[in-house]
Amino acid sequence: MVGLPRNTEVADQFDLLADLMELEGADTFRVIAYRRAATRMRETSGSIAQLALDGKAKELSGIGKTIEEKIVQIVEKGEIEALTKKKAGVPPEVVLFMRLPGLGPKTAARIWRELDVTTLDELKAAAEGQRLRGLTGLGAKSEEKILKALAFQAQNVDAGDRRLLGEGLPAVQAVVATLRDHPAAVAVSEAGSVRRRKETFRDLDIIATASDPAELTTYFTQLKWVVDVAAHGDTKATVVSNDGLRFDLRVVPPESFGNLLQHFTGSKDHNVAMREDAVRRGLSISEYGVTTVETGEVFQSADEDAVYEFLGYQPVPPELRENAGELEAARRGELPALVELGDVRGDLHTHTHWSADGKNTLEEMVQAAAERGYEYYAITDHSHYLREGRLHAQLEEIERVRERFPKLRILSGVEANIRASGEVDVADEDLALLDWVVASVHQAPDNRPTERVLEAMQNPYVDCIGHLTGRRIGKRPPRDVDVERVIEAALASGTFLEINGQPDRLDLRDVHARAAKEAGLKLVLTSDGHQLRAQSYVELAVAQARRGWLTKDDVLNTRTWKQVEKLRKKRP
DNA sequence: GCCGTTTTCGGCCCGACTGTTTTCAGTCG
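Going by my numbering, the first sequence opens with residue 1, and the numbers climb by one from there.
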């Protein structure tokens, strides 16, 4: 495994190759094929490089013989040969032209070739010097747009263009609720990537029907937290909130609400695959309806499920709409019944003020857990803060709190640290006193990320590995853990893996959760909450689990504590 | 470059918007 390029690195090369070919005016379908293959690689849980070396990459849809060979080139030579060649012919910054909104490959190539503009600085100068309007098809407005895009890009260079689901989900749910209360509103729904519970988003989409669309749209632009109205028409508006979130509202006709909701929920890949399949059956899908080509008859519905059913599919839960096999499964009627928040009986990774970064007392956290209706709740403060008798002191406090909450089973636990050696930093005799043990890697760097975890799993007291890869979305990449090996070892040792619900962790990620499920491993959904309101992060863990195709049965903590005890590894 | 319950060759989603055009190409989601 060591030394093989990551899936994201391989995928990036194919995307760059696609960009360069597009600039050269290559066949669009080849370009699309490379981009599709890149997406497939990013959404594959195993090592795509290893698959290619084994001749198995071409079993993935969208990857054929040619692309598999190019992956092998990356392993052997570090780069796709065609990419090396093409990079020599195109100034590196010309690719960046295409990233500016409104500026595509055709225009970028003409600016480069016909005006000899090769850097972003030169592009700016050319627009300011009104030289772009010399090209047919470009005018004063184009120059203005490009300058605006360049300025925006310069301003937001550090901001990152995607925000966390954990921020966007409560925000969009609040706006949906507000709009529903308006007298002109008939139906209101979240849409887009946030409805699919994708871990990050660019903007928050809302779809509605209304008795008076213009009135609802205007109301939306005048909500008190709106600081900027980027667009405002009768049926569509875009606003920016005081915390920088972009909301899009579209008001659509009620008779095709289901078709439009389906369209605007995406993903693009899901919709394209569904439309391609429809074409083969003599149907044409658009956001307004499904047309039977032969008769011209159009099917519309206010109900999204009815759209899927008309097309011969089981209704597909939004979390699965990524063109990752869900359409085939829905065609056969074999979609899984996904786990729901209400199935979760207890949280097995939480903190209190015993950890320096915990914000609430043990009793406050337990009180909130009881109010959530949990049957059990594990206190797993960081081992670092439970040294020198503090572990025993906390056990005494837990004993006292138990008396006050007789209906909630309070589990004593710890989040132990996995040392570089693979040992956990709590003695066995202390671990033996506890009901539940989470073990996690905290400090980097890490030159044997996989072995370290495998060794920790051999400890008979370690029940679950916390946030396996240690990623912090947007801040820190995942450690280079061989997740497939970890899953195998987890099954062999009787250790569980968690889906950590912290908004910037969501670790395991969706495709790894799905790989774990397919291997037969049960996962634990946890909040890793360090304060009262963070207990709700379990909702994000549930969302991630659903994106990983997990059913109630695939999740350990949908079971009673008695059942959990039966399933976990035997203690000495 | 990929793919196949009409196909191993000849297709490859669909519509809106924008800016520049007198009928459309490029871009976007």
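Just so you know, even glycine gets a beta-carbon here, dropped at the ideal spot from N, CA and C.
7 Å CB neighbourhood of residue i in its chain, flanking five on each side removed
{"i": "Pro478", "result": "Thr469, Gly470 and Arg471"}
{"i": "His442", "result": "Asn417"}
{"i": "Leu60", "result": "Arg40 and Thr44"}
{"i": "Glu143", "result": "Ala127, Gln130, Leu132 and Arg133"}
{"i": "Gly104", "result": "Met98"}
Neighbourhood of residue i by C-beta distance below 8 Å, restricted to the same chain and skipping five residues each side
{"i": "Gly192", "result": "Phe201, Asp203, Leu204, Asp205, Asp248, Phe264, Thr265 and Gly266"}
{"i": "Leu341", "result": "Val538, Glu539 and Val542"}
{"i": "Lys569", "result": "Pro460, Asp463, Ser493, Gly494 and Thr495"}
{"i": "Ala278", "result": "Ser284, Ile285, Val290 and Leu311"}
Rounded C-alpha distance that separates residue i from residue j
{"i": "Leu395", "j": "Asn323", "result": "48 Å"}
{"i": "Leu327", "j": "Arg409", "result": "42 Å"}
{"i": "Leu169", "j": "Arg133", "result": "43 Å"}
{"i": "Gln531", "j": "Gly358", "result": "6 Å"}
{"i": "Thr8", "j": "Asp305", "result": "34 Å"}
{"i": "Asp234", "j": "Phe220", "result": "11 Å"}
{"i": "Thr350", "j": "Lys562", "result": "20 Å"}
{"i": "Tyr376", "j": "Arg281", "result": "51 Å"}
{"i": "Asp381", "j": "Val194", "result": "31 Å"}
{"i": "Arg533", "j": "Glu190", "result": "23 Å"}
{"i": "Gln502", "j": "Asp446", "result": "22 Å"}
{"i": "Val75", "j": "Pro5", "result": "7 Å"}
{"i": "Leu216", "j": "Glu167", "result": "24 Å"}
{"i": "Leu35", "j": "Glu22", "result": "With the sequence shown as reference, residue 35 is identified as Arg, and Leu is not the correct amino acid for it. Distance between the alpha carbons of Arg35 and Glu22: 11 Å."}
{"i": "Leu431", "j": "Val94", "result": "58 Å"}
{"i": "Glu294", "j": "Asn271", "result": "22 Å"}
{"i": "Pro449", "j": "Gly529", "result": "25 Å"}
{"i": "Glu364", "j": "Glu498", "result": "24 Å"}
{"i": "Leu434", "j": "Ala368", "result": "22 Å"}
{"i": "Val555", "j": "Lys522", "result": "5 Å"}
{"i": "Ile487", "j": "Gly64", "result": "28 Å"}
{"i": "Gln73", "j": "Arg571", "result": "48 Å"}
{"i": "Glu114", "j": "Ala151", "result": "24 Å"}
{"i": "Ala490", "j": "Asp54", "result": "24 Å"}
{"i": "Arg163", "j": "Ala11", "result": "22 Å"}
{"i": "Val178", "j": "Glu371", "result": "Here residue 178 turns out to be Thr, not Val, going by the sequence shown. If you take the alpha carbons of Thr178 and Glu371, they lie about 26 Å apart."}
{"i": "Val175", "j": "Pro317", "result": "22 Å"}
Presumed contact (8 Å Cβ cut-off) between residue i and residue j, rounded CB distance
{"i": "Met98", "j": "Ala108", "result": "5 Å"}
{"i": "Met557", "j": "Arg345", "result": "With the sequence shown as reference, residue 557 is identified as Asn, and Met is not the correct amino acid for it. That pair is a contact at about 6 Å."}
{"i": "Val424", "j": "Val462", "result": "6 Å"}
{"i": "Asn242", "j": "Val227", "result": "5 Å"}
{"i": "Leu348", "j": "Val524", "result": "5 Å"}
{"i": "Pro254", "j": "Val186", "result": "6 Å"}
{"i": "Gly582", "j": "Asp504", "result": "Any question about residue 582 goes unanswered here, given that the chain covers just 1 to 572."}
Buried or exposed by the 16-neighbour rule on C-beta atoms within 10 Å, applied to residue i
{"i": "Gln173", "result": "exposed"}
{"i": "Val564", "result": "buried"}
{"i": "Asn459", "result": "buried"}
{"i": "Gln574", "result": "Past the boundaries of the shown model lies residue 574; the chain is included only from 1 to 572, so the question cannot be answered."}
{"i": "Pro406", "result": "exposed"}
{"i": "Ala573", "result": "Given a span of 1 to 572 for the chain in the structure shown, any question on residue 573 remains unanswerable."}
{"i": "Asp399", "result": "Looking at the sequence shown, residue 399 is not Asp but Glu. Its Cβ having fewer than 16 others within 10 Å, Glu399 is exposed."}
{"i": "Arg559", "result": "buried"}
{"i": "Asp27", "result": "exposed"}
{"i": "Leu123", "result": "buried"}
{"i": "Arg180", "result": "exposed"}
{"i": "Ser440", "result": "buried"}
Same chain only: Cβ atoms within 6 Å of residue i, ignoring 5 sequence neighbours per side
{"i": "Leu335", "result": "Gln314 and Ala329"}
{"i": "Asp158", "result": "Confidence in Asp158 is poor, its pLDDT being 48 and thus under 50, which makes the residue's placement too unreliable to answer from."}
{"i": "Leu567", "result": "none"}
{"i": "Glu319", "result": "Arg196, Arg197, Arg546 and Arg547"}
{"i": "Ser47", "result": "Leu4"}
{"i": "Val438", "result": "His349, Thr380, Glu415, Cys464 and Gly466"}
Note down, one range per segment and in chain order, each beta strand (DSSP E) of at least 3 residues found wholly within the segment 458-517. Within the segment 458-517, complete beta strand (DSSP E) segments of at least 3 residues are found at 496-500, given in chain order.
Alpha helix (DSSP H) runs wholly inside the segment 336-386, at least 4 long, in chain order: Every alpha helix (DSSP H) of 4 residues or more that sits fully in the segment 336-386 is shown, in chain order, as 362-371.
Any chance you could list the beta strand (DSSP E) runs of at least 3 consecutive residues sitting entirely within the segment 165-250, in chain order? Counting whole runs of 3 or more residues, the segment 165-250 contains the beta strand (DSSP E) stretches 185-191, 204-210, 226-232 and 236-241.
In chain order, each alpha helix (DSSP H) run of at least 4 residues that lies wholly inside the segment 413-453: Along the segment 413-453, the alpha helix (DSSP H) occurs as fully enclosed runs of 4 or more residues at 428-431, listed in sequence order.
Which runs of the alpha helix (DSSP H), 4 residues or longer, sit entirely within the segment 62-124? The qualifying runs are 65-77, 81-89, 94-97 and 105-115.
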